[in-house]
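Colleague:
Number of protein chains: 2
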Amino acid sequence: MLKQKQHNLIDMETLERVAPVIRNMAHPLRLRILDFLSTSGEPCTVTKIMEACEAEQAIISQQLRILKDQRVLTAKREGSFVYYTIADKSVLMLLECIRQHHTL
Amino acid sequence: MLKQKQHNLIDMETLERVAPVIRNMAHPLRLRILDFLSTSGEPCTVTKIMEACEAEQAIISQQLRILKDQRVLTAKREGSFVYYTIADKSVLMLLECIRQHHTL
DNA sequence: TCTTGATATAGTTATATCACTATATTCCTA
DNA sequence: TAGGAATATAGTGATATAACTATATCAAGA
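Read top to bottom, the protein sequences are chains L and H.
1 is the number of the first residue of the first sequence in the working numbering; add one for each residue after it.
1 is the number of the first residue of the second sequence in the working numbering; add one for each residue after it.
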């Protein structure tokens, strides 16, 4: 038997799938949106998110779309409003990382 | 007193500082490097990292530099070898996120 | 000092992302 | 059904990142 360290690395397939998702979250405004939604605890409209993030509507919508495309958020239309919610709980862990390790 | 929800959001300054660091980690090969270093538990040379990651030397060196620039890794030269170590423990949390939530 | 193994950097082209502006769509209500 | 509020998308130029190849630097030993 050859000497061989057992590494048990996360497989590349997973890394390749996960990396772009994290990458997309790792954007100041998108993090702010996610932070707002996570602390808010309830689905929020675009307008509410705009106010909390102090950014233009078009920009917010753009970012929401990116996050929705990555299945980080889900959207639900009710009348003329669209409510966004965090769909992926890993977001919470990532935010927790940031809160705890500002040194990051 | 006006009705006002206390949100306690992570401030933008922090988000702007942290986002690019996470962004840089969120790359398949760089995640693999970090995963390898974290499970290896000891400082590793470029060659060892190359082998573990099955990638060209120049590419690995490039990635190592990016991670070092962001202070995610530190490097220590010993003779003609350079040993890399994880400098930022938040990496471990991020990797943990990935391990637990492959659904991310 | 010449060579060789170990590591780092430069240069390049293709592609992705950013921020921003303008415009479109959707739905409600008068 | 026309207008307005809420939301989404298109288009654009500037900048950043990716992957890759070639080359440079550094240190040890013959």
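Idealized CB from N, CA, C, for every residue including glycine.
1) Any Cβ of chain H within less than 9 Å of the Cβ of P43 (chain L)?
2) Can you find the residues in the same chain that come closer than 8 Å, C-beta to C-beta, to L104 (chain H), ignoring five residues on each side of it along the sequence?
3) Taking 9 Å as the CB-CB limit, is Q100 (chain H) close to chain L?
4) Can you tell me whether N24 (chain H) is helix, strand or coil according to DSSP?
5) For V18 (chain L), which of helix, strand or coil comes out of DSSP?
6) Starting from I108 (chain H), trace the beta strand (DSSP E) in both directions and tell me its first and last residue.
7) Is the distance from the Cβ of V46 (chain L) to the Cβ of L64 (chain L) below 9 Å?
8) Does the region 41–57 of chain H come close enough to the region 39–55 of chain L to have 3 or more Cβ pairs within less than 8 Å?
9) So, are the CB atoms of A87 (chain L) and R77 (chain L) less than 9 Å apart?
10) I believe R23 (chain H) touches R23 (chain L) by the beta-carbon criterion, under 8 Å. Please report the beta-carbon distance rounded to the nearest angstrom.
11) Starting from the beta carbon of A26 (chain H), find every residue of chain L whose beta carbon is closer than 7 Å, and list them in chain order.
12) For the candidate residues L:P28, L:A19, L:L34, whose alpha-carbon lies nearest to that of P28 (chain H)?
13) Any beta-carbon of chain H closer than 9 Å to the one on E56 (chain L)?
14) Check whether the Cβ atoms of M93 (chain H) and M93 (chain L) sit closer than 9 Å, and answer yes or no.
15) Between L15 (chain H) and chain L, is any beta-carbon pair separated by less than 9 Å?
16) Starting from A75 (chain H) and walking both ways along the alpha helix (DSSP H), at which residues does that stretch end?
17) Span of the alpha helix (DSSP H) holding I98 (chain H)?
18) In the DSSP output, what is C44 (chain L) paired with across the bridge?
19) Put A55 (chain H) into one of helix, strand or coil per three-state DSSP.
20) Distance cutoff 9 Å, beta carbons only. Does E78 (chain H) sit that close to anything in chain L?
Modeller: So, from the data block:
1) no
2) At L104 (chain H), the pLDDT of 42 sits below 50, so the modelled position is not reliable and the matter cannot be decided from this model.
3) yes
4) helix
5) helix
6) With chain H covering only 1 through 104, there is no way to say anything about residue 108 (chain H).
7) yes
8) no
9) no
10) 6 Å
11) Proximity of chain L to A26 (chain H) at the Cβ level (cut-off 7 Å) is accounted for by A19, I22, R23, A26, in chain order.
12) L:A19
13) no
14) yes
15) yes
16) In the DSSP assignment, A75 (chain H) falls outside any alpha helix (DSSP H) and lies within the beta strand (DSSP E) extending over 73–78.
17) 90–100
18) L:Y84
19) coil
20) no
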